[in-house]
Structures are given as C-alpha cells and as structure tokens.
Amino acid sequence: MESIQLIALIIFLVTIGLIIWGKVDRAAIGIIGVLVMVLFGVMKAGEAFMFVDWNVIAILFGIWIIAIYFGKTGIPHYLAVTMLRVSRNNIALFLTLLGVVSAFISMFVDNVVVILMMAPVVLYVTQKMKLASFPFIIFIALSANFMGTALLLGDLPPQMLHSVAGIEFSEFVWQEGRPSSFPILTVTYLLTAFLFYQFKFRKMYAGRAINNTAIGEMAVTDPMEHIKNKKFAVIVVAVFCATVLGMAFRPLTGLYLGFIAVTGALTLVLIMEIFQKKLGNPSFEEVIGELDWRALLFYVTLFILVGGINHVGLIKMIANAMAFYVQSSFIGGTTIVYWVTAPIVGIIEHDAYILAFLYIIRDLAASANINPWPLWWVVLWAGTLGSNLTVAGAPALFVALNICEREDSVKIDLKQFFGYTIPFVVITLVICFVLALVIWIIPFAP
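Spelled out as structure tokens, the structure:
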C-alpha cells in the first residue's frame with residue numbers, strides 16, 4: 004500500500020467513525036473529511052466536485068420537495084383512519100397495516116420523510132387510545148427503511164446503484180430475466196410483517212385495556228374529512244404520479260432521472276405559487292424551509308469521500324484481493340459478502356459502505372470476469388436490511404427514537420429497542436437470502 008493510499012484510508016475511516024459517533028453534525032464531519040483529503044493531496048479541490056453524482060442529488064432534491072407537499076395534503080391522516088376501519092378496531096392489525104402502508108410509501112419517498120409524515124398521524128391515534136407510541140413509530144421506521152431499496156426513488160442506495168451500474172427504474176422490478184429488488188423485498192417484507200403480527204403484536208395487545216370509545220370515534224370519522232383541500236391533494240398526487248411515470252420511461256426519453264425529478268418538483272411549485280390563494284397551499288418558502296439541506300450536503304460529501312479512496316486506487320486494490328475468493332467459489336464468496344455486510348452496516352453508516360462496495364464489485368467483476376449483478380444485489384439488500392439493527396446504521400431509526408422519547412416523555416432502553424430491531428433484522432435477512440440464493444446466486448454460479 005502506497006503512502007497516499009494509507010493517508011486516504013485513515014482519513015476515510017476516521018471520518019466515518021466520527022459520523023457514527025454522532026456527537027457532531029454528520030454534514031459538518033463530512034465537509035471536514037473532504038477538506039482534509041484535499042489538504043493531504045488525496046485529490047485536488049476541483050476533482051472533488053467531479054466525484055459527486057449530481058444526478059442523484061437532483062433526484063433527492065426533487066422528490067423531497069414533492070414529498071413535503073404530499074405530507075401537507077392530509078392523505079397520511081386519511082390512510083390512518085381508513086386502516087383503523089379496515090382493522091375493525093384490532094390494534095395489532097392496525098399497527099401492522101401502518102407499517103405496510105409506510106413501507107410502500109417509502110418506495111417513492113425518503114424513509115426519514117415517511118416517518119416525519121406518519122408520526123403526527125400515529126401520535127394522534129395513540130394519544131386518543133392512551134397507548135405508547137414506540138411500537139407504532141419504531142415499526143414504521145423499520146418498514147420504511149426496509150422498503151426504501153425496493154425501487155429507484157425511495158432511498159440513496161438504489162440511486163447509488165443507478166449511478167454506478169446504470170440500472171433503470173423498471174429493472175428494479177425485473178432484470179436479467181428474473182425478479183429483482185421490488186418483488187424479492189416485497190415478499191420478504193410481507194412475510195416479516197405477518198410474523199410480527201402473528202407472534203408479537205397480537206400477544207402485546209391481547210388483554211390490554213384499550214380505549215374502545217376513542218377507537219370507535221376515530222373509526223366512524225369520514226376519512227375524507229382529513230383532506231381539507233381536495234384540489235390541492237389531487238394536484239400533488241397527479242404531479243407525483245407524472246414524475247414517477249417520467250422516471251419509468253426514462254430509457255425512451257433519454258433524460259436524466261435528476262432532471263425529471265427536479266422538473267416535476269418545479270412544476271408543482273409553479274402551480275402552487277400561481278394558484279396559492281385559490282388552493283390555500285403552503286408557500287414555497289415554508290416548503291423549502293422544511294427541506295433537509297444538511298442531509299443533501301452530507302450525501303454530497305459522501306460521494307467525494309468515496310471518490311477520494313477510489314481516486315488513489317484503494318477500491319481497485321480491495322477488489323483484486325477479493326477476486327480470488329469469489330472466483331474459487333462464487334456461491335460461497337457471495338454468501339460471505341451478504342452475511343459479512345449485514346452486521347457491519349448495523350454499526351456503521353450504511354450509505355458509505357454500500358457506495359464503496361458497489362465500486363469494489365464493479366472492478367471485481369471486470370478483473371474476475373463474472374456477472375456483477377448477484378453481488379450488487381446482495382450488497383444492496385444486506386446493506387439495507389442489516390442497517391435496521393441500530394441507530395448508527397439507519398438515521399431513520401434515530402429520528403423515530405427521538406420522536407418517541409420526546410412525545411411519550413420516556414427513555415427507550417436498549418432491551419426494548421433491540422426487542423424490535425433484532426428479530427426484524429434476523430427474519431428479513433434470512434428470508435431475503437433464501438430468495439436471493441435461489442433467484443440470483445445459484446443461477447449465476449459458474
């Protein structure tokens with residue numbers, strides 16, 4: 004290892020370590036890490052900006068703006084009351100349905116945004132029923148973080164895969180003649196949700212004193228009452244659907260996904276600003292003020308940090324070291340990558356790990372002359388599923404934990420927290436691995 008490679012590796016690991024530590028803002032740590040890399044000659048200042056995939060940043064920016072408008076339509080409250088009716092006052096079923104709805108929303112909206120949208124709904128219901136909000140919000144967080152990788156729009160890892168491998172929206176459903184991320188993760192999630200309902204939630208609320216009067220009052224409420232401005236809601240949903248369709252047909256148009264996302268967002272902003280008095284919608288200043296600028300800045304620095312270690316040849320060196328093991332046993336090597344990734348991302352920031360490994364696999368596939376897709380998929384899936392173990396792995400869990408402790412005025416201990424995360428992670432990893440083994444790993448073994 005050359006001295007510049009060692010310097011780059013130390014800076015990268017220290018930066019990621021400080022991000023995990025969490026005592027200092029993640030974006031600030033990322034900026035400092037980038038500056039130190041530039042000062043030590045790992046890369047030039049101009050090169051740093053070239054390492055950023057601005058297309059991915061544009062996707063996040065555009066979809067987040069649309070998501071903020073969506074959260075203000077009243078549709079999340081509408082869904083909650085509808086689910087309460089469907090569950091027929093069965094709290095365990097209602098809790099499970101909340102998770103399912105949150106999971107499928109998160110395929111199109113960032114998982115943290117999903118939690119922020121659904122939390123007021125959960126708190127409204129749990130306070131009426133005099134129940135602790137923790138089981139509801141933590142299950143929503145686990146579900147949202149899980150399904151964010153099912154399609155291209157929901158989270159950063161699938162967007163990074165698009166950046167590295169050029170995968171399109173439709174290929175998250177069907178690729179290389181077989182089911183890919185959406186069907187595999189959907190089956191995994193639904194089986195997991197059923198097991199949680201059957202063996203955890205039903206036991207939790209069996210025999211519990213529930214405020215049935217409050218439940219009845221909420222259940223008889225017309226769900227449409229929560230959508231105060233129907234024209235506003237229709238416009239937001241229409242623009243959102245048009246944006247998703249535009250992304251799905253990107254191979255025909257040739258437009259960048261980021262361009263489509265930003266165009267959709269700006270179209271919605273323009274409509275809302277022109278007809279604000281008629282629609283009574285929030286102003287653009289209010290919407291832009293709710294955008295998580297620190298998260299966007301953090302993702303920019305993440306691309307630069309990984310680009311730095313790639314620039315000095317570290318990623319290629321790691322790929323060459325792995326090539327022997329994968330070539331000697333493709334099934335064994337891929338299995339090791341899956342089960343080593345899962346616990347690692349449970350204690351480190353999973354976005355950085357996944358991005359680095361996507362590049363490693365790209366170079367590994369070229370040097371070992373193998374199909375990279377089984378490895379890319381297992382890293383993406385294990386990297387997402389394993390991150391649900393701790394707040395260090397998934398920022399969504401950190402946000403959920405803060406909301407629960409603030410609103411319920413209680414401290415959530417580790418035993419209570421791990422009582423949800425450990426079984427969720429273990430069950431999802433096992434189911435997903437079996438599906439991946441049958442559909443992706445064994446068929447591509449030499």
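Mapping the sequence shown onto our numbering, position 204 (from 1) lands on 207, and the numbers just tick up by one. Just so you know, even glycine gets a beta-carbon here, dropped at the ideal spot from N, CA and C. Nothing here was measured: the structure is a model prediction, and the numbers come from that model.
Label residue i either buried or exposed according to how many other C-beta atoms from any shown protein chain fall within 10 Å of its C-beta, with 16 as the threshold for buried.
i, result
"glycine 2", "The requested residue 2 is not part of the displayed model; the chain covers only 4 to 449."
"isoleucine 277", "exposed"
"methionine 46", "buried"
"cysteine 244", "exposed"
"tryptophan 177", "exposed"
"alanine 209", "exposed"
"aspartate 113", "buried"
"glycine 257", "exposed"
"serine 174", "Serine is not the amino acid found at residue 174; the sequence shown has glutamate there. Classification for glutamate 174: buried."
"glutamine 201", "exposed"
"arginine 297", "exposed"
"alanine 48", "exposed"
"leucine 248", "exposed"
"asparagine 372", "exposed"
"proline 446", "exposed"
"valine 239", "buried"
"phenylalanine 327", "exposed"
"serine 331", "exposed"
Considering only DSSP beta bridges, list what residue i is partnered with.
i, result
"glutamine 178", "Arg181"
What is the residue span of the alpha helix (DSSP H) that residue i lies within?
i, result
"lysine 233", "233–251"
"threonine 270", "260–277"
"aspartate 366", "353–371"
"proline 346", "333–348"
"glutamine 201", "Glutamine 201 -> no alpha helix (DSSP H), and no H or E assigned at all."
"threonine 1", "A query on residue 1 cannot be resolved here, the shown segment of the chain reaching from 4 to 449 and no further."
"histidine 229", "Segment: none, histidine 229 is in no alpha helix (DSSP H) and carries neither H nor E."
"proline 377", "376–389"
"glycine 33", "29–42"
"asparagine 313", "296–314"
"aspartate 411", "398–411"
"alanine 448", "Per DSSP, alanine 448 belongs to no alpha helix (DSSP H) and is neither H nor E."
"tryptophan 443", "No alpha helix (DSSP H) holds tryptophan 443; DSSP gives it neither H nor E."
"leucine 100", "94–108"
"proline 79", "78–89"
"leucine 63", "57–74"
"methionine 53", "48–53"
"valine 290", "287–293"
Taking the alpha carbon of residue i as the point to measure from, which residue in the options has its own alpha carbon closest?
i, options, result
"valine 55", "Trp67, Val37, Ile66 and Tyr72", "Val37"
"leucine 156", "Tyr81, Val116 and Ala439", "Val116"
"phenylalanine 97", "Thr256, Lys319, Pro377 and Arg205", "Arg205"
"glycine 386", "Leu404, Ala345 and Arg365", "Ala345"
"leucine 440", "Val17, Trp376, Gly310 and Lys414", "Trp376"
"phenylalanine 185", "Asn372, Phe202 and Trp384", "Trp384"
"isoleucine 140", "Lys131, Pro160, Ser6 and Leu119", "Leu119"
"alanine 106", "Asn93, Met86 and Ala153", "Ala153"
"cysteine 435", "Val190, Pro182 and Pro161", "Val190"
"asparagine 148", "Ile442, Val428 and Pro446", "Val428"
"phenylalanine 421", "Ser412, Ser390 and Glu410", "Ser390"
"tryptophan 380", "Lys203, Ala403 and Val167", "Val167"
"threonine 76", "Val290, Gln8 and Ile415", "Val290"
"isoleucine 143", "Ile347, Ala83 and Val340", "Ala83"
"phenylalanine 146", "Thr129, Leu188 and Ser136", "For clarity, residue 146 is serine in the given sequence; the question names phenylalanine instead. The residue with the shortest Cα to Cα distance from serine 146 is Leu188."
"tyrosine 362", "Asn92, Val242, Val309 and Asn93", "Val309"
"isoleucine 68", "Leu273, Phe306, Ala31 and Pro426", "Leu273"
"valine 125", "Phe111, Arg91, Met86 and Pro160", "Met86"
"glutamine 8", "Asp366, Ile357, Ile321 and Lys418", "Ile321"
"glycine 267", "Phe43, Glu408, Ile66 and Leu164", "Ile66"
"proline 285", "Ile60, Gly74, Met207 and Ile34", "Gly74"
Please report whether the beta-carbon of residue i lies at a distance below 8 Å from any beta-carbon of chain C.
i, result
"proline 446", "Reference to chain C is not applicable here, since this structure consists of a single protein chain."
At which residue ranges does the stretch 123–190 contain complete beta strand (DSSP E) runs of 3 or more residues, listed in the order of the chain? none
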